[in-house]
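Numbering (the numbering used here), first residue to last: 854 to 1076.
Yeah, the Cβ is synthetic: ideal placement off N, Cα and C, and Gly gets one too.
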Amino acid sequence: MSLILNEVLATEDLMRLRRDLGALTWNSGKKTAGAAARGVKENLQADGADPRTQALERFVVDALRRHPLFEIAARPSRISRLLFSRYEPGMTYGAHTDDALMGASDDKLRTDLAFTVFLEDRAAYEGGELVMQTALGDQALALEAGDAILYPAGSIHFVAPVTRGVRLAAVGWLQSYVADPGQRELLFDLSVSRTRFAEAGAAREDLLRLDKSISNLLRMWAR
């Protein structure tokens, strides 16, 4: 299941990120690509060893975790380090699938889901769509600044070439407590319905039964 998360970052958050990112050192993105993806990756990434970069990573992750849909859609148990990516005209990231396991050999993170947070105004650049290959054909997304997309890390996807301006984004991966995507989607649907029933004034005992079912399914499936 892919899901768009609107307004993860507010305007003032974006202004801070762009200002602070502008002061960082940017290196070739090939350094962080897996063996299979290295040959098709052409972008720049902020220096992850810089404490300023790490502070911005925490800032974005905190914003994601505050979004009302992120937790119930992802059920995150672990979140990777973020990569701040920059695409200038002519840069692209060809078709690839993300590594199933990331991190140090003694502390691997299973990449159940990936996410991209768009940091630059859509009118400021052309191209740079995130394109996912699906059974219904390619689906291209270029979201407004501050919005994010949560999607299966195992999908085949690519970033289309940027033809004008600069595309800025934060990218990361997560391991979910619920590894099975069908089970995660069922829990998400139940949680969204529970919220809507509560807003519509459903009886407390009915909401409590839904809470019981959601909790027991999560207890059954969480690993």
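In DSSP terms, what residue i is bridged to
i       : result
PHE968  : LEU1003 and GLY1025
LEU858  : ALA1001
GLY990  : THR987
HIS949  : HIS1010
GLU979  : ARG1017
LYS1091 : Residue 1091 falls outside the range modelled here, since the chain spans only 854 to 1076, and no answer is possible.
Chain-order list of residues whose beta-carbon lies under 8 Å from that of residue i (same chain, five-residue window excluded)
i       : result
ALA863  : GLY999
ASP903  : LEU877 and THR878
ILE1067 : LEU1040, LEU1043, SER1044 and ARG1047
VAL914  : ILE932, LEU935 and GLY1025
THR906  : LEU877, ALA899, ASP900 and PHE937
GLU973  : ARG871, ALA998, GLY1018, VAL1019, ARG1020, LEU1021 and ALA1022
Opening and closing residue of the alpha helix (DSSP H) in which residue i lies
i       : result
ARG928  : Here ARG928 belongs to no alpha helix (DSSP H), and DSSP marks it neither H nor E.
VAL1031 : That residue, VAL1031, is in no alpha helix (DSSP H); it is neither H nor E in DSSP.
SER1008 : First-last for SER1008: undefined, no H or E at that position.
ARG939  : Taken as a continuous stretch (DSSP letters only), ARG939 belongs to no alpha helix (DSSP H), being part of the beta strand (DSSP E) at 936 to 940.
VAL914  : 904 to 919
Environment of residue i [buried if 16+ CB atoms lie within 10 Å]
i       : result
ALA916  : buried
ALA1013 : buried
THR964  : buried
PRO921  : exposed
ASN896  : buried
MET944  : buried
SER938  : buried
ILE857  : exposed
THR1016 : exposed
LYS1065 : exposed
GLU1052 : exposed
ARG1020 : buried
GLY981  : buried
ARG1037 : buried
ARG928  : buried
ALA886  : buried
LEU996  : buried
Neighbourhood of residue i by C-beta, 6 Å cutoff - its chain only, sequence neighbours within 5 removed
i       : result
PHE968  : ALA1001, LEU1003 and GLY1025
ILE1009 : ALA948, THR950 and GLN986
GLN1028 : SER930, ARG931, LEU962, ARG963 and ASP965
Continuous beta strand (DSSP E) stretch holding residue i: start and end
i       : result
ASN880  : 879 to 881
THR864  : Segment 864 to 874 is the alpha helix (DSSP H) holding THR864; no beta strand (DSSP E) there.
ALA1072 : Residue identity differs from the one stated: residue 1072 is Arg in this sequence, not Ala. Run containing ARG1072: none in the beta strand (DSSP E); it sits in the alpha helix (DSSP H), 1057 to 1074.
ALA899  : 897 to 899
Residues near residue i in its chain [Cβ-Cβ closer than 7 Å; skip 5 each side]
i       : result
PHE1011 : TYR946, GLY947, ALA948, HIS949 and VAL984
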